[in-house]
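> Let me give you the structure first, and then I'll get to my questions.
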Amino acid sequence: MRLAVCALSAMLLSGCSWVNGLRDSTRVQNNVRYNNFSQYGGQYAPGQAGFAQGQHSPCMVYSPRAPIPQGCNPAQVTMGAASGGFSQQPNFGSGNYASSGYGSHADVAGQQSAKYKPRKSLRKPKLRGTLSVGLEKSISGDLFDANDLGGFNPATSYSPKTFDESSSVGSTVDGGQLVDTLYTSTVEGVSQSPITFNNAHSTPLSIKGGLEYIVTPKTTVFGNIGYGYAEGEGVEAAQITGELRREVRTRDFAGDPIALVSDVTNTGFIPNENIANFTYEFSAQERIDLEVGARHYFNPIIKNQGFKTVTPFLSAAVGATYHNAVSFDVSQNQRFLERAFESDGATADYYNVAGPTTSVEVFDSEWVPTGQLNAGVEWQVTPKTALAFESGLKFQGSRDFENGENSSTNIAIPFTVRGSYNF
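Structure (C-alpha coordinates):
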(Lines of atoms letter the chains of each structure in order from A and count residues from 1; the text may use other names and numbers.)
(Lines give C-alpha, C1' and ligand atoms only; values in the text may rest on other atoms or scores of the structure.)
Protein backbone atom coordinates (compact mmCIF):
# COMPACT_ATOMS: atom_id res chain seq x y z
CA MET A 1 0.00 0.00 0.00
CA ARG A 2 2.84 2.36 0.88
CA LEU A 3 4.47 1.53 -2.44
CA ALA A 4 1.31 2.48 -4.35
CA VAL A 5 1.06 5.85 -2.57
CA CYS A 6 4.68 6.66 -3.45
CA ALA A 7 4.09 5.79 -7.08
CA LEU A 8 0.97 7.96 -7.28
CA SER A 9 2.83 10.91 -5.70
CA ALA A 10 5.62 10.62 -8.25
CA MET A 11 3.12 10.67 -11.12
CA LEU A 12 1.38 13.78 -9.76
CA LEU A 13 4.67 15.65 -9.37
CA SER A 14 5.66 14.70 -12.87
CA GLY A 15 2.30 15.94 -14.23
CA CYS A 16 2.56 19.29 -12.46
CA SER A 17 6.00 19.85 -13.90
CA TRP A 18 4.67 19.07 -17.38
CA VAL A 19 1.76 21.46 -17.01
CA ASN A 20 4.01 24.27 -15.71
CA GLY A 21 6.39 23.71 -18.59
CA LEU A 22 3.54 23.94 -21.07
CA ARG A 23 2.24 27.13 -19.41
CA ASP A 24 5.73 28.72 -19.45
CA SER A 25 6.17 27.77 -23.09
CA THR A 26 2.82 29.34 -23.97
CA ARG A 27 3.66 32.57 -22.12
CA VAL A 28 7.03 32.86 -23.80
CA GLN A 29 5.46 32.36 -27.24
CA ASN A 30 2.91 35.14 -26.54
CA ASN A 31 5.84 37.45 -25.80
CA VAL A 32 7.55 36.83 -29.15
CA ARG A 33 10.00 34.30 -27.75
CA TYR A 34 10.32 30.66 -28.79
CA ASN A 35 11.58 27.52 -27.02
CA ASN A 36 12.83 26.14 -30.29
CA PHE A 37 16.25 27.78 -30.21
CA SER A 38 17.21 26.11 -33.46
CA GLN A 39 15.25 28.88 -35.28
CA TYR A 40 18.12 31.23 -34.45
CA GLY A 41 20.89 29.07 -35.84
CA GLY A 42 21.24 26.83 -32.79
CA GLN A 43 23.17 29.49 -30.90
CA TYR A 44 21.68 28.46 -27.57
CA ALA A 45 23.19 25.57 -25.67
CA PRO A 46 21.04 23.58 -23.26
CA GLY A 47 22.81 25.28 -20.38
CA GLN A 48 21.39 28.63 -21.55
CA ALA A 49 17.80 27.60 -21.22
CA GLY A 50 17.72 29.33 -17.88
CA PHE A 51 17.97 32.69 -19.77
CA ALA A 52 14.61 32.09 -21.36
CA GLN A 53 12.91 30.54 -18.39
CA GLY A 54 14.54 32.22 -15.40
CA GLN A 55 15.47 35.75 -16.50
CA HIS A 56 12.86 36.53 -19.15
CA SER A 57 10.01 38.92 -18.15
CA PRO A 58 6.58 38.18 -19.65
CA CYS A 59 6.14 41.98 -20.22
CA MET A 60 9.44 42.47 -22.11
CA VAL A 61 9.46 43.59 -25.77
CA TYR A 62 12.32 44.07 -28.23
CA SER A 63 10.97 46.93 -30.34
CA PRO A 64 9.13 50.17 -29.49
CA ARG A 65 6.68 49.25 -32.24
CA ALA A 66 5.84 45.85 -30.77
CA PRO A 67 2.31 45.37 -29.31
CA ILE A 68 1.77 45.31 -25.55
CA PRO A 69 1.97 41.67 -24.40
CA GLN A 70 -1.37 40.19 -23.43
CA GLY A 71 -2.11 40.55 -19.75
CA CYS A 72 0.51 43.30 -19.18
CA ASN A 73 -0.10 46.85 -18.03
CA PRO A 74 1.66 49.44 -20.27
CA ALA A 75 3.61 50.68 -17.25
CA GLN A 76 5.07 47.16 -16.80
CA VAL A 77 6.45 46.89 -20.33
CA THR A 78 10.23 47.06 -20.59
CA MET A 79 12.68 46.96 -23.48
CA GLY A 80 14.96 43.96 -23.90
CA ALA A 81 18.43 43.93 -25.48
CA ALA A 82 20.12 41.05 -27.31
CA SER A 83 22.84 39.08 -25.51
CA GLY A 84 25.94 37.60 -27.03
CA GLY A 85 24.30 34.23 -27.58
CA PHE A 86 21.28 35.88 -29.21
CA SER A 87 23.30 37.38 -32.03
CA GLN A 88 20.90 36.26 -34.76
CA GLN A 89 17.56 37.33 -33.29
CA PRO A 90 15.23 39.04 -35.78
CA ASN A 91 15.61 42.84 -36.03
CA PHE A 92 12.50 44.23 -34.35
CA GLY A 93 14.10 47.67 -33.97
CA SER A 94 16.74 49.23 -31.76
CA GLY A 95 16.30 49.02 -28.01
CA ASN A 96 17.32 52.71 -27.73
CA TYR A 97 13.94 54.04 -28.91
CA ALA A 98 12.52 54.34 -25.40
CA SER A 99 14.04 55.02 -22.03
CA SER A 100 10.92 54.97 -19.92
CA GLY A 101 7.70 52.99 -19.89
CA TYR A 102 6.13 51.84 -23.13
CA GLY A 103 3.97 54.46 -24.69
CA SER A 104 6.21 57.40 -23.74
CA HIS A 105 5.68 59.25 -27.03
CA ALA A 106 7.60 62.34 -26.03
CA ASP A 107 10.72 60.32 -25.27
CA VAL A 108 10.39 58.23 -28.42
CA ALA A 109 10.01 61.38 -30.53
CA GLY A 110 13.03 62.94 -28.91
CA GLN A 111 15.26 59.92 -29.66
CA GLN A 112 14.17 59.09 -33.20
CA SER A 113 16.86 57.60 -35.36
CA ALA A 114 18.48 59.89 -37.91
CA LYS A 115 17.29 57.63 -40.74
CA TYR A 116 13.66 58.49 -39.90
CA LYS A 117 13.92 62.18 -40.91
CA PRO A 118 10.63 64.05 -41.13
CA ARG A 119 9.42 64.81 -44.61
CA LYS A 120 10.49 68.29 -45.70
CA SER A 121 7.46 70.56 -45.64
CA LEU A 122 6.91 73.24 -48.25
CA ARG A 123 7.90 76.70 -47.13
CA LYS A 124 4.80 78.23 -48.74
CA PRO A 125 1.19 77.12 -48.52
CA LYS A 126 -0.36 75.12 -51.35
CA LEU A 127 -3.02 77.72 -52.04
CA ARG A 128 -3.63 81.19 -50.74
CA GLY A 129 -5.80 84.16 -51.55
CA THR A 130 -4.30 87.58 -52.25
CA LEU A 131 -5.55 91.16 -52.16
CA SER A 132 -3.37 94.05 -53.34
CA VAL A 133 -3.49 97.82 -53.66
CA GLY A 134 -1.17 99.61 -56.04
CA LEU A 135 -0.17 102.86 -57.70
CA GLU A 136 1.76 103.32 -60.91
CA LYS A 137 3.62 106.18 -62.57
CA SER A 138 4.25 106.30 -66.30
CA ILE A 139 7.87 106.95 -67.29
CA SER A 140 7.64 106.55 -71.07
CA GLY A 141 5.01 106.82 -73.76
CA ASP A 142 2.40 109.34 -74.89
CA LEU A 143 -1.34 108.96 -74.79
CA PHE A 144 -1.35 110.84 -78.08
CA ASP A 145 0.44 113.56 -80.00
CA ALA A 146 -1.88 116.45 -80.80
CA ASN A 147 -0.42 116.55 -84.31
CA ASP A 148 -1.89 113.08 -84.89
CA LEU A 149 -5.42 114.30 -84.17
CA GLY A 150 -5.76 115.74 -87.66
CA GLY A 151 -9.22 117.18 -88.12
CA PHE A 152 -9.98 116.49 -84.45
CA ASN A 153 -7.49 119.17 -83.42
CA PRO A 154 -9.33 122.36 -82.35
CA ALA A 155 -6.16 124.47 -82.66
CA THR A 156 -6.12 124.03 -86.43
CA SER A 157 -9.40 125.93 -86.72
CA TYR A 158 -8.27 128.95 -84.70
CA SER A 159 -9.36 132.26 -86.26
CA PRO A 160 -7.46 135.24 -84.79
CA LYS A 161 -9.65 137.92 -86.39
CA THR A 162 -12.48 136.88 -84.12
CA PHE A 163 -10.56 138.31 -81.18
CA ASP A 164 -9.59 141.78 -82.50
CA GLU A 165 -9.85 144.65 -80.03
CA SER A 166 -10.62 148.24 -81.03
CA SER A 167 -11.33 151.66 -79.52
CA SER A 168 -12.19 155.15 -80.79
CA VAL A 169 -11.76 158.52 -79.05
CA GLY A 170 -12.30 162.15 -80.10
CA SER A 171 -14.88 164.14 -82.06
CA THR A 172 -15.35 165.51 -85.54
CA VAL A 173 -17.04 168.80 -84.53
CA ASP A 174 -15.37 172.20 -84.09
CA GLY A 175 -12.11 171.20 -85.69
CA GLY A 176 -12.05 167.96 -83.83
CA GLN A 177 -9.81 164.91 -84.06
CA LEU A 178 -10.86 161.28 -84.19
CA VAL A 179 -8.41 158.58 -83.11
CA ASP A 180 -9.25 154.93 -83.86
CA THR A 181 -7.05 152.17 -82.42
CA LEU A 182 -7.22 148.54 -83.54
CA TYR A 183 -5.36 145.64 -81.91
CA THR A 184 -5.04 142.52 -84.02
CA SER A 185 -2.93 139.39 -84.26
CA THR A 186 -1.74 137.06 -86.96
CA VAL A 187 -0.86 133.40 -86.52
CA GLU A 188 2.81 132.56 -86.87
CA GLY A 189 2.68 129.01 -85.55
CA VAL A 190 0.84 126.37 -83.53
CA SER A 191 2.78 124.53 -80.83
CA GLN A 192 1.27 121.25 -79.68
CA SER A 193 2.85 119.18 -76.94
CA PRO A 194 2.40 115.40 -76.83
CA ILE A 195 -0.11 114.34 -74.19
CA THR A 196 1.62 111.95 -71.83
CA PHE A 197 -0.18 109.36 -69.73
CA ASN A 198 0.82 111.27 -66.61
CA ASN A 199 -0.54 114.56 -67.97
CA ALA A 200 -3.92 113.22 -69.06
CA HIS A 201 -4.78 111.42 -65.83
CA SER A 202 -3.87 111.40 -62.18
CA THR A 203 -1.81 108.53 -60.75
CA PRO A 204 -3.91 105.39 -61.32
CA LEU A 205 -5.04 103.47 -58.24
CA SER A 206 -5.73 99.77 -58.69
CA ILE A 207 -7.16 97.02 -56.50
CA LYS A 208 -6.60 93.36 -57.34
CA GLY A 209 -7.73 90.04 -55.94
CA GLY A 210 -6.48 86.59 -56.88
CA LEU A 211 -5.09 83.19 -55.98
CA GLU A 212 -1.51 81.93 -55.65
CA TYR A 213 -0.63 78.23 -55.90
CA ILE A 214 2.69 76.73 -54.82
CA VAL A 215 4.35 74.51 -57.42
CA THR A 216 7.72 73.89 -55.73
CA PRO A 217 9.14 75.12 -52.41
CA LYS A 218 10.41 78.24 -54.20
CA THR A 219 8.08 78.69 -57.19
CA THR A 220 4.43 79.72 -57.31
CA VAL A 221 1.93 80.61 -60.02
CA PHE A 222 -0.83 83.18 -59.61
CA GLY A 223 -3.82 84.75 -61.31
CA ASN A 224 -5.38 88.15 -60.59
CA ILE A 225 -8.34 90.28 -61.63
CA GLY A 226 -8.38 93.97 -60.78
CA TYR A 227 -10.02 97.35 -61.21
CA GLY A 228 -8.19 100.62 -61.80
CA TYR A 229 -9.30 104.23 -61.71
CA ALA A 230 -7.69 107.61 -62.44
CA GLU A 231 -9.17 111.10 -62.47
CA GLY A 232 -8.99 113.08 -65.69
CA GLU A 233 -6.68 116.10 -65.71
CA GLY A 234 -6.66 119.42 -67.55
CA VAL A 235 -3.74 119.76 -69.96
CA GLU A 236 -2.60 122.85 -71.86
CA ALA A 237 -2.22 121.03 -75.13
CA ALA A 238 -1.82 123.71 -77.82
CA GLN A 239 -0.37 127.23 -77.94
CA ILE A 240 -0.92 129.75 -80.73
CA THR A 241 2.06 131.95 -81.45
CA GLY A 242 1.55 135.11 -83.46
CA GLU A 243 2.33 138.72 -84.11
CA LEU A 244 0.64 141.45 -82.09
CA ARG A 245 -0.35 144.53 -84.12
CA ARG A 246 -1.58 147.95 -83.27
CA GLU A 247 -3.02 150.31 -85.89
CA VAL A 248 -3.67 153.92 -84.86
CA ARG A 249 -5.63 156.02 -87.35
CA THR A 250 -5.74 159.74 -86.65
CA ARG A 251 -8.18 161.96 -88.55
CA ASP A 252 -8.47 165.73 -88.23
CA PHE A 253 -11.67 167.60 -89.12
CA ALA A 254 -12.38 171.32 -89.69
CA GLY A 255 -14.90 173.78 -91.15
CA ASP A 256 -18.59 173.92 -91.45
CA PRO A 257 -19.72 171.73 -92.93
CA ILE A 258 -17.19 169.39 -91.38
CA ALA A 259 -14.43 168.29 -93.66
CA LEU A 260 -11.63 165.77 -93.27
CA VAL A 261 -8.38 167.63 -93.16
CA SER A 262 -5.92 164.80 -92.59
CA ASP A 263 -5.92 160.98 -92.24
CA VAL A 264 -2.80 159.27 -90.90
CA THR A 265 -2.36 155.61 -89.89
CA ASN A 266 0.56 154.34 -87.80
CA THR A 267 1.16 150.62 -87.42
CA GLY A 268 3.27 148.86 -84.79
CA PHE A 269 3.90 145.14 -84.14
CA ILE A 270 5.47 142.75 -81.64
CA PRO A 271 6.37 139.32 -83.09
CA ASN A 272 6.55 135.88 -81.49
CA GLU A 273 4.01 136.36 -78.77
CA ASN A 274 1.65 133.76 -77.39
CA ILE A 275 -1.83 134.89 -78.28
CA ALA A 276 -3.99 131.90 -77.29
CA ASN A 277 -3.86 128.40 -75.86
CA PHE A 278 -6.16 125.39 -75.70
CA THR A 279 -6.75 123.24 -72.65
CA TYR A 280 -8.07 119.67 -72.84
CA GLU A 281 -10.08 118.37 -69.89
CA PHE A 282 -9.86 114.58 -70.03
CA SER A 283 -12.51 112.14 -68.91
CA ALA A 284 -11.77 109.71 -66.07
CA GLN A 285 -9.98 106.47 -66.86
CA GLU A 286 -11.45 103.16 -65.75
CA ARG A 287 -9.97 99.79 -66.53
CA ILE A 288 -10.22 96.07 -65.79
CA ASP A 289 -6.96 94.12 -65.43
CA LEU A 290 -6.50 90.38 -65.99
CA GLU A 291 -3.12 88.71 -65.46
CA VAL A 292 -1.41 85.38 -64.85
CA GLY A 293 2.19 84.89 -63.80
CA ALA A 294 4.76 83.19 -61.62
CA ARG A 295 6.99 84.09 -58.68
CA HIS A 296 10.36 82.70 -57.67
CA TYR A 297 11.24 83.00 -53.97
CA PHE A 298 14.85 83.07 -52.78
CA ASN A 299 16.24 82.10 -49.39
CA PRO A 300 15.04 84.32 -46.52
CA ILE A 301 17.24 87.32 -45.81
CA ILE A 302 15.87 87.70 -42.28
CA LYS A 303 14.98 84.75 -40.07
CA ASN A 304 13.20 85.21 -36.79
CA GLN A 305 12.00 82.61 -34.34
CA GLY A 306 9.14 80.56 -35.68
CA PHE A 307 7.34 81.67 -38.80
CA LYS A 308 8.41 85.33 -39.09
CA THR A 309 10.75 85.65 -42.08
CA VAL A 310 11.50 88.18 -44.82
CA THR A 311 11.95 86.57 -48.23
CA PRO A 312 12.92 88.28 -51.53
CA PHE A 313 11.31 87.23 -54.80
CA LEU A 314 11.06 87.96 -58.53
CA SER A 315 7.84 87.76 -60.54
CA ALA A 316 6.68 87.98 -64.15
CA ALA A 317 3.13 88.27 -65.50
CA VAL A 318 1.25 88.72 -68.76
CA GLY A 319 -2.35 89.67 -69.32
CA ALA A 320 -4.77 92.14 -70.85
CA THR A 321 -6.39 95.40 -69.78
CA TYR A 322 -9.79 96.71 -70.83
CA HIS A 323 -9.93 100.52 -71.05
CA ASN A 324 -13.02 102.67 -71.23
CA ALA A 325 -13.40 105.30 -73.97
CA VAL A 326 -11.27 108.43 -73.60
CA SER A 327 -12.47 111.90 -74.60
CA PHE A 328 -11.68 115.49 -73.71
CA ASP A 329 -13.52 118.80 -73.56
CA VAL A 330 -11.84 121.78 -75.18
CA SER A 331 -11.54 125.20 -73.58
CA GLN A 332 -9.76 128.19 -75.16
CA ASN A 333 -7.91 130.94 -73.32
CA GLN A 334 -7.38 134.13 -75.32
CA ARG A 335 -4.83 136.79 -74.52
CA PHE A 336 -5.85 140.44 -74.01
CA LEU A 337 -4.22 142.00 -77.07
CA GLU A 338 -4.22 145.63 -75.93
CA ARG A 339 -2.70 144.82 -72.54
CA ALA A 340 -0.08 142.65 -74.17
CA PHE A 341 0.92 145.26 -76.75
CA GLU A 342 0.93 148.27 -74.47
CA SER A 343 3.17 146.43 -71.99
CA ASP A 344 5.53 145.35 -74.79
CA GLY A 345 4.50 141.75 -74.17
CA ALA A 346 5.24 141.86 -70.43
CA THR A 347 1.63 141.40 -69.38
CA ALA A 348 0.21 137.96 -70.08
CA ASP A 349 -3.44 138.23 -69.15
CA TYR A 350 -5.92 135.75 -70.61
CA TYR A 351 -9.65 135.27 -70.57
CA ASN A 352 -11.68 132.15 -71.20
CA VAL A 353 -13.58 132.19 -74.44
CA ALA A 354 -17.20 131.47 -73.67
CA GLY A 355 -19.13 129.30 -76.07
CA PRO A 356 -20.47 125.81 -76.65
CA THR A 357 -18.25 123.07 -75.22
CA THR A 358 -16.37 121.10 -77.83
CA SER A 359 -15.95 117.42 -76.93
CA VAL A 360 -13.48 115.22 -78.80
CA GLU A 361 -13.41 111.41 -78.47
CA VAL A 362 -9.91 110.10 -78.96
CA PHE A 363 -10.18 106.38 -78.12
CA ASP A 364 -13.03 103.95 -78.03
CA SER A 365 -13.15 101.26 -75.32
CA GLU A 366 -10.81 98.38 -76.12
CA TRP A 367 -8.53 95.60 -74.82
CA VAL A 368 -4.73 96.00 -74.90
CA PRO A 369 -1.99 93.47 -73.98
CA THR A 370 0.07 93.96 -70.83
CA GLY A 371 3.21 92.54 -69.26
CA GLN A 372 4.95 93.07 -65.94
CA LEU A 373 8.31 92.33 -64.25
CA ASN A 374 8.56 92.86 -60.51
CA ALA A 375 10.90 92.36 -57.59
CA GLY A 376 10.03 92.56 -53.92
CA VAL A 377 10.12 91.11 -50.43
CA GLU A 378 7.52 89.18 -48.49
CA TRP A 379 7.12 89.26 -44.72
CA GLN A 380 5.44 86.27 -43.08
CA VAL A 381 3.39 88.07 -40.41
CA THR A 382 1.55 85.06 -38.94
CA PRO A 383 1.45 81.36 -39.88
CA LYS A 384 -1.48 82.12 -42.20
CA THR A 385 -0.91 85.71 -43.34
CA ALA A 386 1.88 87.49 -45.21
CA LEU A 387 2.55 91.01 -46.44
CA ALA A 388 4.55 91.77 -49.60
CA PHE A 389 5.98 94.94 -51.15
CA GLU A 390 6.93 94.92 -54.81
CA SER A 391 7.85 97.21 -57.68
CA GLY A 392 9.23 96.90 -61.19
CA LEU A 393 8.24 97.69 -64.77
CA LYS A 394 4.84 97.42 -66.42
CA PHE A 395 4.30 97.43 -70.19
CA GLN A 396 0.97 98.28 -71.80
CA GLY A 397 0.20 98.03 -75.50
CA SER A 398 -0.80 100.96 -77.71
CA ARG A 399 -4.38 102.07 -78.27
CA ASP A 400 -6.14 102.85 -81.52
CA PHE A 401 -7.28 106.41 -82.28
CA GLU A 402 -10.69 107.07 -83.68
CA ASN A 403 -9.00 108.39 -86.81
CA GLY A 404 -6.86 105.27 -87.25
CA GLU A 405 -3.65 106.43 -85.56
CA ASN A 406 -2.06 104.71 -82.56
CA SER A 407 -0.82 105.75 -79.18
CA SER A 408 2.61 104.64 -78.02
CA THR A 409 3.41 101.82 -75.59
CA ASN A 410 3.04 102.88 -71.98
CA ILE A 411 5.92 101.94 -69.65
CA ALA A 412 5.18 102.54 -65.99
CA ILE A 413 6.68 101.84 -62.57
CA PRO A 414 4.11 100.19 -60.28
CA PHE A 415 4.30 100.02 -56.51
CA THR A 416 2.11 97.37 -54.89
CA VAL A 417 1.32 96.29 -51.35
CA ARG A 418 -0.07 92.73 -51.31
CA GLY A 419 -1.59 90.80 -48.47
CA SER A 420 -2.21 87.05 -48.56
CA TYR A 421 -4.06 84.46 -46.50
CA ASN A 422 -3.26 80.75 -46.51
CA PHE A 423 -6.12 78.35 -47.08
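Our numbering puts the last residue of the sequence shown at 486; the count rises by one with no breaks.
Positions of the beta carbon are idealized from the N, C-alpha and C atoms, including for glycine.
1. Could you have a look at Gln151 and say whether DSSP puts it in helix, strand or coil?
2. Buried or exposed: which applies to Ala411, given that a residue is buried once 16 or more other Cβ atoms fall within 10 Å of its Cβ?
3. Tell me whether Phe458 sits in a helix, a strand or coil according to DSSP, three-state version.
4. Entirely within the region 253 to 291 and at least 3 residues each: give me those beta strand (DSSP E) ranges in chain order.
5. Compare the C-alpha of Asn485 against each of Leu456, Arg191, Asp237 and name the closest.
6. How many Å lie between Gly305 and Val355 at the Cα?
7. Once you ignore the five residues that flank Glu424 on each side, which residues in its own chain have a CB closer than 7 Å to its CB?
8. Do Ala300 and Ala209 have their C-beta atoms within less than 8 Å of each other?
9. Would you identify the three-state DSSP class for Pro432, choosing helix, strand or coil?
10. Any idea which residues DSSP pairs Glu299 with across the strands?
11. What is the DSSP secondary structure of Ser220, counted as helix, strand or coil?
12. Does the region 335 to 350 come close enough to the region 392 to 399 to have 3 or more Cβ pairs within less than 8 Å?
13. Alpha carbon to alpha carbon, what distance is there between Pro477 and Gln443?
14. Tell me the rounded alpha-carbon separation between Ile474 and Val431.
15. What residue from Thr219, Leu245, Gly238 has the CA that sits closest to Val253's CA?
16. How would you call His264, buried or exposed, if buried means at least 16 neighbouring beta carbons within 10 angstroms?
17. Look at the alpha carbon of Asp319 and the alpha carbon of Gln255, and state the distance between them as a whole number of angstroms.
18. Could you give the DSSP three-state label for Phe207: helix, strand or coil?
19. Measuring CA to CA, which of Pro127, Lys189, Thr283, Ile288 is closest to Ser376?
20. Does chain C have any CB closer than 8 Å to the CB of Gly408?
21. So, does the region 344 to 353 touch the region 399 to 409, judging by three or more C-beta pairs under 8 Å?
22. Can you pull the DSSP bridge partners for Asp392?
23. Go ahead and label Ala449 buried or exposed: buried means 16 or more other beta carbons lie within 10 angstroms of its beta carbon, across all protein chains shown.
24. Hey, how far is the Cα of Val480 from the Cα of Val196?
25. By a C-beta neighbour count over all protein chains shown, 10 Å radius and 16 as the cutoff for buried, is Gln565 buried or exposed?
26. By DSSP, does Arg398 sit in helix, in strand, or in coil?
27. From Lys271 to Ser483, what distance separates their C-alpha atoms?
28. Looking only at C-alpha atoms, which of Asn261, Tyr292, Phe458 sits nearest to Phe207?
29. Hey, Thr249 and Leu198 are a contact pair by Cβ (cut 8 Å); roughly how many whole angstroms apart?
30. How would you call Leu436, buried or exposed, if buried means at least 16 neighbouring beta carbons within 10 angstroms?
31. What separation, rounded to the nearest whole angstrom, lies between the Cα atoms of Pro223 and Gly273?
32. Roughly how many angstroms separate the alpha carbons of Phe345 and Leu241, rounded to a whole number?
33. On the CB-based measure, 16 or more other CB atoms within 10 Å of its CB, does Gly291 come out buried or exposed?
34. Could you give the C-beta distance for Gly439 and Ala451, rounded to a whole number, given that I count them as a contact under 8 Å?
35. For Lys189, which residues does DSSP report across the bridge?
36. Could you check whether Thr472 and Thr433 sit closer than 8 Å to each other, using their CB atoms as the reference points?
This is what the structure gives:
1. Locating residue 151 in the sequence shown gives position 88, counting from the first residue. Because Gln151 sits at a pLDDT of 40, beneath the cut-off of 50, its placement in the model cannot be relied upon, and the point is left open.
2. Numbered from 1 along the sequence shown, position 348 holds the residue referred to as residue 411. The residue is exposed, with fewer than 16 neighbouring Cβ atoms inside 10 Å.
3. For this step, residue 458 is matched to residue 395 along the sequence shown. DSSP places Phe458 in strand when its eight states are reduced to three.
4. 268 to 279
5. Numbered from 1 along the sequence shown, position 422 holds the residue referred to as residue 485. The residue with the shortest Cα to Cα distance from Asn485 is Arg191.
6. Residue numbering aside, residue 305 sits at position 242 when the sequence shown is read from its first letter. Residue numbering aside, residue 355 sits at position 292 when the sequence shown is read from its first letter. So the two alpha carbons sit approximately 53 Å from each other.
7. The count along the sequence shown starts at 1 and reaches residue 424 at position 361. So the qualifying residues of the chain are Ala388, Ser390, Glu465.
8. Along the sequence shown, one-based indexing puts residue 300 at 237. Along the sequence shown, one-based indexing puts residue 209 at 146. Yes, Cβ-Cβ distance for Ala300 and Ala209 is below 8 Å.
9. Here residue 432 is taken as the residue at index 369 of the sequence shown, counted from 1. Strand, per DSSP.
10. Here the question's residue 299 lines up with position 236 in the sequence shown. Its beta-bridge partners are Thr342.
11. As a position in the sequence shown, residue 220 is number 157, starting the count at 1. Helix.
12. Segments in contact, yes.
13. Here residue 443 corresponds to residue number 380 of the sequence shown, with the count starting at 1. Here residue 477 corresponds to residue number 414 of the sequence shown, with the count starting at 1. Using only the alpha carbons, I get a separation of about 22 Å.
14. Counting from one through the sequence shown, the residue named residue 474 turns up at place 411. Counting from one through the sequence shown, the residue named residue 431 turns up at place 368. Approximately 13 Å, taken between the alpha carbons.
15. In the sequence shown, counting from the first residue as 1, residue 253 sits at position 190. Considering only alpha carbons, the answer is Thr219.
16. As a working note, residue 264 is residue 201 in the sequence shown. Under a 10 Å Cβ-count criterion, His264 is classified as buried, with 16 or more other Cβ atoms of the shown protein chains found around its own Cβ.
17. By 1-based counting over the sequence shown, the position of residue 319 is 256. By 1-based counting over the sequence shown, the position of residue 255 is 192. Computed Cα separation, rounded: 58 Å.
18. As a working note, residue 207 is residue 144 in the sequence shown. The answer is strand: DSSP assigns Phe207 an E or B state.
19. Mapped onto the sequence shown, residue 376 falls at position 313. Reading off the sequence, residue 376 comes out as Phe, not Ser. That would be Thr283, whose Cα lies nearest to the Cα of Phe376.
20. The chain inventory of the structure shown lacks chain C, comprising one protein chain alone.
21. no
22. As a working mapping, residue 392 is identified with position 329 in the sequence shown. Answer is Glu344, Ser422, bridged to Asp392.
23. Residue mapping note: residue 449 aligns to position 386 of the sequence shown, counting from 1. By the neighbour-count definition (other C-beta atoms within 10 Å, threshold 16), Ala449 is a buried residue.
24. Walking along the sequence shown from the start, residue 480 turns up at place 417. Walking along the sequence shown from the start, residue 196 turns up at place 133. The straight-line gap separating the alpha-carbon atoms of Val480 and Val196 is approximately 6 Å.
25. In the structure displayed, the chain extends from 64 to 486; residue 565 sits before or after that span and is not available.
26. Within the sequence shown, residue 398 is the residue found at index 335, counting from 1. Strand, per DSSP.
27. Your numbering for residue 271 matches position 208 in the sequence shown. Your numbering for residue 483 matches position 420 in the sequence shown. The straight-line gap from Cα to Cα measures roughly 12 Å.
28. Reading the sequence shown from its first residue, position 144 is the one you call residue 207. Checking every option, the nearest Cα to that of Phe207 belongs to Asn261.
29. Within the sequence shown, the letter at position 186 stands for residue 249. Within the sequence shown, the letter at position 135 stands for residue 198. About 46 Å; that fails the 8 Å criterion.
30. The count along the sequence shown starts at 1 and reaches residue 436 at position 373. Classification of Leu436: exposed, given that the 10 Å Cβ count is below 16.
31. As a first step, residue 223 is located in the sequence shown; it is residue number 160 there, counting from the start. As a first step, residue 273 is located in the sequence shown; it is residue number 210 there, counting from the start. The alpha-carbon separation between Pro223 and Gly273 amounts to approximately 56 Å.
32. Reading the sequence shown from its first residue, position 282 is the one you call residue 345. Reading the sequence shown from its first residue, position 178 is the one you call residue 241. Distance between the alpha carbons of Phe345 and Leu241: 49 Å.
33. The sequence position of residue 291 within the sequence shown is 228, counting from 1. It counts as buried.
34. Locating residue 439 in the sequence shown gives position 376, where the first residue counts as 1. Locating residue 451 in the sequence shown gives position 388, where the first residue counts as 1. About 6 Å separates the two Cβ atoms, so the contact holds.
35. On the sequence shown, residue 189 is found 126 positions in, with the first residue counted as 1. Bridge partners of Lys189: none, in fact.
36. Counting from one through the sequence shown, the residue named residue 433 turns up at place 370. Counting from one through the sequence shown, the residue named residue 472 turns up at place 409. At the C-beta level, Thr433 and Thr472 stay beyond 8 Å of one another.
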